[in-house]
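Asker: In the numbering used here, the protein residues as written are 106 to 466.
Cβ coordinates follow ideal geometry from the N, Cα and C atoms, glycine included.
So that we are looking at the same thing, I have put the structure below in structure tokens.
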């Protein structure tokens, strides 16, 4: 199959440090190439891929100090894709809704994975206007604000099974991985660690949009002798960071669409202690891969329980549910579903037009 994967340009594929969407796009792209598909990746020029790379910018825009506006580069990417549309059987977008207006007339060969939160007031009018666009959610919880949208399925993220190896959790610390932002609640992670009397290591980035939150709410907490802040880390450091941790703390305060850090911990054999919001109840098997809790007290109590979990069993459950092979199979099934529906719709539209013409005659 001739497949175009269209990634955001904020991070490379895979990201050098933090990055969720582009990381998933990279894993999926490389697996599809491995399976023998003809894949073109529309991504930043510093991406590493075995696919054919189409790069409208030289490097990831978040790391490019010369970039003041990322939208022009995304429009260049979409324009180049539109000019080459006949070269692809299916086009898989990961760019939110930026492509809708340009590709609505070609919906029969497109699939859009929505990676972000959908409980936003301006999205329903947009998705109603572009109701023809085939959509994929990354959790069932993500689609709850708009169950009526044109969903073709829910596909959970997957990771290469050789990316991380199970660790022993003998580092003696709790881990926090991701972004320093209000919805991820690193402040709660610090409080959980304090009450448990365990060290907390925070590996996270601080976006421009979150710098005020970091300075006013988090920076002072990092002075606690139990807390170590190491900043952003990439895949080469993440395996040991997660594998050596007693548990990953995931005290989110928002409707998390997925939570890639959760399955990265599972791939490392590390249990996750998470607040049960958004996708968490779908991703974590309570009492097997971690514990779903409601508040700080329950989180603290869960730490001793997490230490007793079988890390081999956690890794096994990751392999069963969240491998890149499973993710690619699911997407290939939906690619074919889109193409079948598009063919049927085209036939029905042609028949209706012929009938209308006959009636007019």
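Can you name the start and end residues of the beta strand (DSSP E) that residue 310 belongs to?
Answerer: 305-310
Asker: Here's the rule: buried if 16 or more other CB atoms are within 10 angstroms of the residue's CB, otherwise exposed. What is residue 438?
Answerer: exposed
Asker: When you compare the CB positions of residue 237 and residue 205, do they come within less than 7 Å of one another, or not?
Answerer: no
Asker: Please state whether DSSP places residue 459 in a helix, a strand or coil.
Answerer: Note that residue 459 scores 45 on pLDDT, short of 50, meaning its location in the model is unreliable; the coordinates nonetheless yield the value given after this. Here residue 459 sits in helix by DSSP.
Asker: Rounding to the nearest angstrom, what Cα-Cα distance links residue 174 and residue 291 in this structure?
Answerer: 29 Å
Asker: If we ignore side chains and look at the alpha-carbon of each, how far apart do residue 230 and residue 251 end up?
Answerer: Approximately 11 Å between the Cα atoms of the pair.
Asker: By the three-class DSSP mapping on this structure, what secondary structure does residue 208 have?
Answerer: helix
Asker: Could you tell me the alpha carbon to alpha carbon distance between residue 256 and residue 445, rounded to whole angstroms?
Answerer: 15 Å
Asker: If you drop the 5 nearest sequence neighbours on each side, which residues of the same chain put their C-beta closer than 6 Å to that of residue 263?
Answerer: Excluding residues within five positions, the ones whose Cβ falls inside 6 Å are 427, 428, 429, 431, 432.
Asker: Can you look up residue 145 in the DSSP assignment and give me helix, strand or coil?
Answerer: strand
Asker: So residue 325 is in the alpha helix (DSSP H); what residue range does that whole segment cover?
Answerer: Run containing residue 325: none; DSSP gives neither H nor E here.
Asker: Would a C-beta distance cut-off of 7 Å place residue 158 and residue 115 closer than the cut-off?
Answerer: No, these two residues do not count as a Cβ contact at 7 Å.
Asker: If you pair each beta-carbon of the segment 220-228 with each one of the segment 173-188, do three or more pairs fall below 8 Å?
Answerer: Taking 8 Å as the limit for Cβ pairs, the verdict is that the segment 173-188 does not touch the segment 220-228.
Asker: Could you check if residue 460 is buried or exposed, using at least 16 other CB atoms within 10 Å of its CB as the buried criterion?
Answerer: Legend: pLDDT at residue 460 = 45, less than 50; position of this residue unreliable, no value from coordinates given.
Asker: If you draw a straight line from the C-alpha of residue 107 to the C-alpha of residue 142, how long is it?
Answerer: 6 Å
Asker: Buried or exposed: where does residue 155 fall if 16 or more other Cβ atoms within 10 Å of its Cβ makes it buried?
Answerer: exposed
Asker: On the three-state DSSP scale, how would you describe residue 297?
Answerer: helix
Asker: Closer than 7 Å, CB to CB, is residue 351 near chain E or not?
Answerer: The chain inventory of the structure shown lacks chain E, comprising one protein chain alone.
Asker: Report back the beta-carbon spacing between residue 374 and residue 272 to the nearest angstrom; my notes put them in contact at under 8 Å.
Answerer: 6 Å
Asker: CA-CA distance, residue 414 and residue 316?
Answerer: 37 Å
Asker: Which residue spans inside the segment 333-363 form an unbroken alpha helix (DSSP H) run of at least 4?
Answerer: You should have 340-348.
Asker: For the beta strand (DSSP E) containing residue 397, name the first residue and the last one.
Answerer: 395-398
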